[in-house]
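Engineer:
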Amino acid sequence: MPALKLDSVDVIDPDLYVARGYPHAEWALMRREAPVYRYERPNVDPFWAVTGHAPIVEISRQPALFKSLQRLFMTINQEGAPDPNQGVLRQLLNMNPPEHGAYRGVVNRRFTPRGVQVMRQQIEAITTEALDALAGREECDFVLEVSAKLPLAVIAEMFGIPRADWDTMFRLSNMMIGPSDPEYGGDKTIKETLEQARMEFFQYFSALVEERRKNPRDDLASALANGHVNGAPLPIFELMSYFALLIIAGNETTRNATTGGLFAFIEHPDQWRRLKADPSLAPRAVDEILRWISPVIQFNREATADTELHGHKIRAGDLLTLFYPSANRDETVFDRPGEFDIGRNPNPHIAFGIGEHFCLGANLARLELQVMFRQLAQRLETIELAGPIQRMRSSFVGGIKHMPVRYRIRPRA
Ligand code: HEM
Numbered sequence: 009m010p011a012l013k014l015d016s017v018d019v020i021d022p023d024l025y026v027a028r029g030y031p032h033a034e035w036a037l038m039r040r041e042a043p044v045y046r047y048e049r050p051n052v053d054p055f056w057a058v059t060g061h062a063p064i065v066e067i068s069r070q071p072a073l074f075k076s077l078q079r080l081f082m083t084i085n086q087e088g089a090p091d092p093n094q095g096v097l098r099q100l101l102n103m104n105p106p107e108h109g110a111y112r113g114v115v116n117r118r119f120t121p122r123g124v125q126v127m128r129q130q131i132e133a134i135t136t137e138a139l140d141a142l143a144g145r146e147e148c149d150f151v152l153e154v155s156a157k158l159p160l161a162v163i164a165e166m167f168g169i170p171r172a173d174w175d176t177m178f179r180l181s182n183m184m185i186g187p188s189d190p191e192y193g194g195d196k197t198i199k200e201t202l203e204q205a206r207m208e209f210f211q212y213f214s215a216l217v218e219e220r221r222k223n224p225r226d227d228l229a230s231a232l233a234n235g236h237v238n239g240a241p242l243p244i245f246e247l248m249s250y251f252a253l254l255i256i257a258g259n260e261t262t263r264n265a266t267t268g269g270l271f272a273f274i275e276h277p278d279q280w281r282r283l284k285a286d287p288s289l290a291p292r293a294v295d296e297i298l299r300w301i302s303p304v305i306q307f308n309r310e311a312t313a314d315t316e317l318h319g320h321k322i323r324a325g326d327l328l329t330l331f332y333p334s335a336n337r338d339e340t341v342f343d344r345p346g347e348f349d350i351g352r353n354p355n356p357h358i359a360f361g362i363g364e365h366f367c368l369g370a371n372l373a374r375l376e377l378q379v380m381f382r383q384l385a386q387r388l389e390t391i392e393l394a395g396p397i398q399r400m401r402s403s404f405v406g407g408i409k410h411m412p413v414r415y416r417i418r419p420r421a
């Protein structure tokens, strides 16, 4: 391969992600030569690519100077894509203080460490059921049969969405996250796929809201349907967007951490043996999986005033793109960043972001992943790839669509 050069590396073409996965060599070069780098290429709108841990933290902690915006992430200019400045939804990720905090407060308490504990038993049961279903066979698509099931079931249960509709939630969230992937978008344009998913989501949630306003229960759907922001019910577009955000965010990312985590163990059998010998390592292992896999690739911010960042003049209106997987391998923060070490401590990864928009679902995701990897470690006797993994066409979320595996699994204890 020819040597990489800063001014020609590509870190946002979604086809590269399909073909090769994350561009870690490119990010390493960028961190070394310019952790804040003016990215100008013929097929993209210019932006500052931020690949260092320190500048990402600095930006994320100043939401007034670096605001969130409708355009959530950067990608190449593509035919059939919607206007990136008109977001498909209006939700927490593109809101700013003080509005942002007021909206976050509507459901916050259900996602605190204590709030998510009420889900523990269900999480254990859903995981056990998914693994039981693997018994009696030797091969499966780990994504569809295991990774996708747990987060989908958990968020659907929290909302109180009936089982018969879970497949619809799965299909629509795939369309929203991977609209340019032919498996999810079919022959529709990106814009058509997003609009159809939004319309179907909104129709579904409107009926759910109506029902929960009449018959409130103790679930997330009722909390949102009857919630207030600054003393008034949520406006309809923001309300619908909130439902969609939680379904999508709760689904895609945890799924990819599970798949990517198991893949990391297949590639690092010594670490797998270590977890199997001592399943109490699960919490640290999960954080190492989050650092290693970093399911969310990037989020944007926009400078609200002229400022300086790591020696560069940033102008008001400039876009900055924060690459989390790169920060999580930053040599100035992590010892041996290229080593997958499930005992790593401390592990100041920022796979969940940091600051104002720190992932609302982080406690839930950690709990799901800990239960999942503990059970996998206890029950999987052997595990190996049975075919190539297939990645989603996206430079926003590092999705794995399919991962065929061959295994031997123990019956439940
Ligand atoms: C491994 C799993 C997950 C990862 C890696 C992840 C990652 C992230 C990241 C990077 C952000 C943005 C941070 C920023 O802009 O500073 C975020 C925000 C968010 N996440 Fe997650 N997430 C995960 C799971 C979940 C789950 C399970 C849910 C909900 C059920 C969820 C809901 C949200 C929401 C609502 C936001 C927006 C928060 C805000 O803007 O205030 N996430 N997540």
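Under our numbering, the first residue of the sequence shown is numbered 9, with each subsequent residue one higher.
Glycine included, C-beta positions come from ideal geometry on N, C-alpha and C.
Could you give the first and the last residue of the continuous alpha helix (DSSP H) run that contains Val-413?
Structural biologist: Note, Val-413: premise wrong, no alpha helix (DSSP H); beta strand (DSSP E) at 412-417.
Engineer: Please classify His-357 as buried or exposed, where buried requires at least 16 other C-beta atoms within 10 Å of its C-beta.
Structural biologist: Per the 10 Å Cβ criterion, buried.
Engineer: Determine, using beta-carbon pairs with one atom in the segment 312-323 and one in the segment 42-49, whether at least three such pairs fall under 8 angstroms.
Structural biologist: Contact holds: three or more Cβ-Cβ distances are below 8 angstroms.
Engineer: Quick check on this structure: which residue in Asn-308, Ala-231, Thr-329 and Leu-375 has the alpha carbon closest to the alpha carbon of Leu-298?
Structural biologist: Nearest of Asn-308, Ala-231, Thr-329 and Leu-375 to Leu-298, Cα basis: Leu-375.
Engineer: Need the endpoints of the beta strand (DSSP E) that Ala-89 sits in, please.
Structural biologist: That residue, Ala-89, is in no beta strand (DSSP E); it is neither H nor E in DSSP.
Engineer: Can you find the residues in the same chain that come closer than 8 angstroms, C-beta to C-beta, to Glu-392, ignoring five residues on each side of it along the sequence?
Structural biologist: The residues are Ile-274, Val-413, Arg-414 and Tyr-415.
Engineer: Regarding Ala-421 and the ligand HEM, is the C-beta to nearest heavy atom distance less than 7 angstroms?
Structural biologist: False, no ligand heavy atom lies under 7 angstroms from that Cβ.
Engineer: Alpha helix (DSSP H) containing Ala-156: first to last residue?
Structural biologist: Looking at the DSSP string, Ala-156 is not in any alpha helix (DSSP H), and its letter there is neither H nor E.
Engineer: With which residues is Gln-306 paired in a DSSP beta bridge?
Structural biologist: According to DSSP, which records beta bridges pairwise, Gln-306 is partnered with Phe-331.
Engineer: Beta-carbon separation of Phe-150 and Thr-267 under 8 angstroms?
Structural biologist: It is a contact, given that the beta carbons lie within the stated cut-off.
Engineer: Which two residues bound the contiguous alpha helix (DSSP H) that contains Lys-222?
Structural biologist: Looking at the DSSP string, the run of the alpha helix (DSSP H) that includes Lys-222 is 198-222.
Engineer: Leaving out five residues before and five after Ala-324 in sequence, what residues of the same chain have Cβ atoms less than 7 angstroms from its Cβ?
Structural biologist: Counting only Cβ-Cβ distances below 7 angstroms, and skipping sequence neighbours, we find Ala-311, Thr-312, Ala-313 and Asp-314.
Engineer: Which whole-angstrom value describes the C-beta separation of Asp-326 and Trp-56, a residue pair presumed to lie in contact below a C-beta threshold of 8 angstroms?
Structural biologist: Correct: roughly 6 angstroms between the Cβ atoms.
Engineer: Helix, strand or coil: how does DSSP classify Gln-70 here?
Structural biologist: Coil, per DSSP.
Engineer: Ordered along the chain, which non-local residues of its own chain (more than five positions away) have a Cβ less than 7 angstroms from that of Pro-92?
Structural biologist: So the qualifying residues of the chain are Arg-79.
Engineer: Enumerate in chain order the residues of its own chain whose CB-to-CB distance from Asp-227 is below 7 angstroms, with the five nearest sequence positions on each side excluded.
Structural biologist: The residues are Met-166, Phe-167 and Gly-168.
Engineer: DSSP beta-bridge partners for Val-58?
Structural biologist: Val-58 pairs with Val-44 and Leu-330.
Engineer: For Ala-229, which of helix, strand or coil comes out of DSSP?
Structural biologist: Helix at Ala-229.
Engineer: Leaving out five residues before and five after Val-341 in sequence, what residues of the same chain have Cβ atoms less than 6 angstroms from its Cβ?
Structural biologist: Correct list, in chain order: His-61.
Engineer: Measure the alpha-carbon distance for Glu-364 versus Phe-348 and round it to whole angstroms.
Structural biologist: C-alpha separation (whole angstroms): 29 angstroms.
Engineer: Taking 8 angstroms as the threshold (C-beta atoms), are Arg-171 and Val-96 in contact?
Structural biologist: No, these two residues do not count as a Cβ contact at 8 angstroms.
Engineer: Kindly indicate if chain B contains any beta-carbon less than 8 angstroms away from that of Glu-347.
Structural biologist: The chain labelled as chain B is not found in the depicted structure, where only one protein chain is given.
Engineer: Taking Arg-309 and Ile-84 to be in contact with their CB atoms under 8 angstroms, please state how far apart those CB atoms are, rounded to whole angstroms.
Structural biologist: With a Cβ gap of about 20 angstroms, Arg-309 and Ile-84 do not count as contacting.
Engineer: The alpha helix (DSSP H) with Leu-24 in it runs from where to where?
Structural biologist: Where Leu-24 is concerned, the enclosing alpha helix (DSSP H) stretches over 22-28.
Engineer: Rounded to the nearest angstrom, what separates Cys-367 and Val-304 at their Cα positions?
Structural biologist: Between Cys-367 and Val-304, the C-alpha separation is close to 11 angstroms.
Engineer: Beta-carbon within less than 8 angstroms of Arg-118's beta-carbon, same chain only, minus the 5 sequence neighbours each way: which residues are those?
Structural biologist: Correct list, in chain order: Val-124, Met-166, Leu-228 and Ala-231.
Engineer: Using only the alpha-carbon positions, how far apart do Ala-233 and Ser-249 sit?
Structural biologist: When rounded, the distance between both Cα atoms is 12 angstroms.
Engineer: List the endpoints of the continuous alpha helix (DSSP H) containing His-108.
Structural biologist: Unbroken alpha helix (DSSP H) run through His-108: 107-112.
Engineer: Taking the continuous beta strand (DSSP E) assigned at Thr-390, which residues delimit it?
Structural biologist: Element bounds for Thr-390: 388-393.
Engineer: For the ligand HEM, any of its heavy atoms closer than 7 angstroms to the Cβ of His-432?
Structural biologist: Because the chain spans 9 through 421 in this model, residue 432 falls outside it and cannot be assessed.
Engineer: Suppose contacts are defined by Cβ-Cβ distances below 8 angstroms. Is Ala-110 in contact with Val-217 by that definition?
Structural biologist: No, they are not a contact pair.
Engineer: For the segment 266-325, which segments carrying the beta strand (DSSP E) assignment without a break, of at least 3 residues, lie completely within its bounds, in sequence order?
Structural biologist: Counting only runs of 3 or more, we get 306-311, 315-317 and 320-322.
Engineer: Report, in whole angstroms, the separation of the C-beta atoms of Ile-301 and Ser-181, which I expect to be a contact under 8 angstroms.
Structural biologist: Rounded, the Cβ-Cβ distance is 19 angstroms, inconsistent with contact.
Engineer: Please determine, among Phe-245, Glu-107 and Val-126, the residue with the shortest C-alpha to C-alpha distance to Gly-239.
Structural biologist: Minimum Cα distance to Gly-239 is reached at Glu-107.
Engineer: Using 8 angstroms as the threshold, is the C-beta distance between Gly-258 and Gly-369 below it?
Structural biologist: Cβ distance < 8 angstroms, so Gly-258 and Gly-369 count as in contact.
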